[in-house]
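Reminder that position 151 of the sequence shown reads as 136 in the working numbering, one-by-one numbering, no gaps. Every residue gets a Cβ at the ideal spot worked out from N, C-alpha and C, and that includes glycine.
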Amino acid sequence: MSDDLDLRADARRNRERILIAAEELFLERGVGVALEEVAKRANVGIGTLYRRFPTREELLAATSNERFLSVAATSRLRDPEHDPNTAIRAYLEDLAINTSIYRSFAASLGTVIQCGTPGCNAITAEGNRLLRRAQETGMIRPEVTFDDFITVVIAISIALEKESSPKSRVAHLVDLFLHGIVVRHGPHLP
């Protein structure tokens, strides 16, 4: 079944209840919560949950779908007003902030974005588009890949997991990724 429209009305309601329960529990206790608890809160059997979402990562992708779609759409909207470097910076910051929404989500991000939801596909396509644009202008080295972006987002999100307000540090950490820690005009550099 490709989307909600293909589901029977009761299956669609069950799917929606599962997503609501998962969102609540992931926000309360993080992504490590037992899926049996998600099913119980959604008032469905565990088999129903697994029929809709065979893996935890697919459930995470579904609960993150709207946020990921928003990250990609926001990036595309602001693109004309930013140079490639600034656009990548904003995209990475937004993705890191949205990955930090659930405790322990970051460790699964690489697998989650491969789930094929519209949101996962959108952030992947947008990240690749921004990367190609920056590489074509010579602002990003040619060997940098989208997987490198995801690795950085994962590292930043994990580093900020215990912080009470991670937003304030995301920009600083993205800047460290983009510019490194070496002062380029120092006396010992060519």
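Residues of the same chain with a CB within less than 7 Å of the CB of residue 17, apart from the 5 flanking positions on each side, are 89 in chain order. When 4, -5, 164, 104 are compared, the shortest CA-CA separation from residue 126 is found for 164. In this structure, residue 141 keeps its C-beta atom at 8 Å or more from the C-beta atom of residue 129. The DSSP-derived three-state label of residue 35 is helix.
Burial of residue 79 is indicated by the presence of at least 16 other C-beta atoms within 10 angstroms of its C-beta. For residue 127, the secondary structure class from DSSP, reduced to helix, strand or coil, is coil. Look at the beta carbons and you see the segment 90 to 108 touching the segment 38 to 55: at least three pairs across the two are nearer than 8 Å. 136 is the residue among 146, 136, 28 whose C-alpha sits nearest the C-alpha of residue 96. Ranked by Cα distance from residue 111, the options 148, 139, 27, 62 are led by 62.
In its chain, beyond the 5 residues on either side, 24 have a beta carbon closer than 7 Å to the beta carbon of residue 30. Residue 76: member of the alpha helix (DSSP H) spanning 69 to 84, first to last residue. Where residue 90 is concerned, there is no enclosing alpha helix (DSSP H), because DSSP gives it neither an H nor an E. When rounded, the separation of the alpha-carbon atoms in residue 153 and residue -6 is 43 Å. Distance from residue 115 to residue 72 at the Cβ level is roughly 5 Å; contact confirmed, criterion being Cβ atoms closer than 8 Å. A direct Cα-to-Cα measurement between residue 87 and residue 144 gives close to 13 Å. In summary, residue 94 is buried, with 16 or more beta-carbon neighbours lying within 10 Å of its beta-carbon over all protein chains present. DSSP places residue 99 outside any alpha helix (DSSP H), giving it a letter other than H or E.
Across the structure, residue 121 and residue 59 are spaced so that their CA atoms are roughly 22 Å apart.
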